[in-house]
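Report on the structure given below.
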Amino acid sequence: MKLKDEISRTRETKSKNGFGYFYIQRKGDKPDSYIGEAGDMDLTSVVYGYSVGYKDLYEPFLPRIIEWLSEGIETRESFDNLAFHQRDLNSALAFATWIKTGKNEVDLWKNTLVWQEQLQNREDYSQGMSRDDKEILALSILRYIQAQEYEKAIQLYQSIYGDKPFKLNSNMSGLRLAYAYCLHFYEGKFTIDQLEKSARPFLEKHLVMLYTMGRSTEMLYWLKTVCDAREKEYTPEEVIYTFYEYIPEEEKPDFVKELLGEKEPEKKSLFSQLFKW
121 MKLKDEISRT RETKSKNGFG YFYIQRKGDK PDSYIGEAGD MDLTSVVYGY SVGYKDLYEP
181 FLPRIIEWLS EGIETRESFD NLAFHQRDLN SALAFATWIK TGKNEVDLWK NTLVWQEQLQ
241 NREDYSQGMS RDDKEILALS ILRYIQAQEY EKAIQLYQSI YGDKPFKLNS NMSGLRLAYA
301 YCLHFYEGKF TIDQLEKSAR PFLEKHLVML YTMGRSTEML YWLKTVCDAR EKEYTPEEVI
361 YTFYEYIPEE EKPDFVKELL GEKEPEKKSL FSQLFKW
């Protein structure tokens, strides 16, 4: 399915008459188990709803999501891996709170790091890293950025790769890109233009992959980091719309162009093209 069709289908599904809205509305009754997981899944739906212009429909669910995530955290809800599940619930709570209030709660991100660091202490990268390992590590660095724990992020990266000269290029991995943004926030290394030029090839592929695989909340790590680095104030809704900066113009449905305030170029008549004064 083309990305344009995927976005249009999301718009239809999340509309007031769509199944996605019907489903999240019906989940008003408190789940008997895994309440935190239910909140996390609903947050994914909310992010998709926001992305297609339905903030007014999905914003009312945020208090319930925050309540359910908080309960899952307080009861130490777990599947097979307590630290893994709690890291994800705490991250979701930090994002849900930010979407609701527009304020980044650093303390919530610091709570996430407690569990993240438990997981990191179990890892051994001495024999190399897989692609999945690098993707997980990139998200770890992005969480450190949200918690404003830049030194810890740098220490984590350098514990694996050493303190070597670091340069940007046009073929950046997610891990290297996350580290580059960390260096920018911590010591002002690299300009915004330099970062965004290097980030674009990766984000154009990675964000589309996340969007089409149902991982909308994971997109927020990247979108929020990019927007935080810019010298501009963004609402959470505007941060989510930043996704559309990284997709081709022809893949944007007309409703997206309207959301972004983009105007179609004026079409000149054949007569005006033939007779120029």
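Numbering (the numbering used here), first residue to last: 121 to 397.
We put the beta carbon where it would ideally sit given N, CA and C, even for glycine.
Keep in mind that this is a model prediction, so the values were computed, not measured.
Practice item. Give a yes or no on contact between the stretch 198 to 218 and the stretch 155 to 162, applying the rule of three or more CB pairs nearer than 8 Å. Key: yes
Review point. Quick one: Cα of serine 293 to Cα of arginine 184, how far?
Key: 36 Å
Point to revise | is_contact[glutamate 197, chain D] using C-beta, thresh 7 Å | key: Absent from the structure is chain D; it holds one protein chain and no more.
Review point. Closest to proline 180 by CA distance: which of Lys220, Ser279, Asn137, Pro321 is it?
Key: Lys220
Practice item. Within the same chain, show all residues whose beta-carbon is closer than 7 Å to that of isoleucine 367, passing over the 5 residues directly before and after it, in chain order. Key: Leu123, Val328
Review point. Exposed or buried, which one is lysine 272 when buried takes at least 16 other CB atoms within 10 Å?
Key: buried
Check your understanding: Counting pairs of Cβ atoms below 8 Å between the stretch 169 to 177 and the stretch 126 to 136, do you hit three or more?
Key -> yes
Practice item. Please name the residue, chosen from Ser250, Ile274, Asp176, that lies closest to isoleucine 261 on a Cα-to-Cα basis. Key: Ile274
Review point. Between the C-alpha atoms of leucine 323 and glutamine 268, what's the straight-line distance to the nearest angstrom?
Key: 22 Å
Exercise for review: Note the first and the last residue of the continuous alpha helix (DSSP H) segment covering lysine 287.
Suggested key: Segment: none, lysine 287 is in no alpha helix (DSSP H) and carries neither H nor E.
Point to revise | Backbone CA spacing between serine 92 and glutamate 237 [nearest angstrom] | key: This structure does not reach residue 92, given that the chain is present from 121 up to 397, and the question cannot be answered.
Point to revise | Exposure of methionine 333, with buried meaning 16 or more beta-carbon neighbours within 10 Å | key: exposed
Check your understanding: In terms of residue numbering, what span does the alpha helix (DSSP H) encompassing aspartate 162 cover?
Key -> 155 to 171
Exercise for review: Find the nearest neighbour of tyrosine 141 within the set Ala298, Leu189, Val167, judged by alpha-carbon distance.
Suggested key: Val167
Check your understanding: Between the C-alpha atoms of leucine 297 and leucine 239, what's the straight-line distance to the nearest angstrom?
Key -> 22 Å
Practice item. Have a look at aspartate 162 and proline 151 and give me their C-alpha separation to the nearest angstrom. Key: 12 Å
Check your understanding: What's the gap between the Cα of asparagine 289 and the Cα of threonine 311?
Key -> 13 Å
Point to revise | Exposure label - valine 359; buried when at least 16 CB within 10 Å | key: buried
Practice item. Could you name each continuous alpha helix (DSSP H) segment of 4 residues or more that falls completely within the stretch 339 to 379, going from the start of the chain to the end? Key: 356 to 361, 374 to 379
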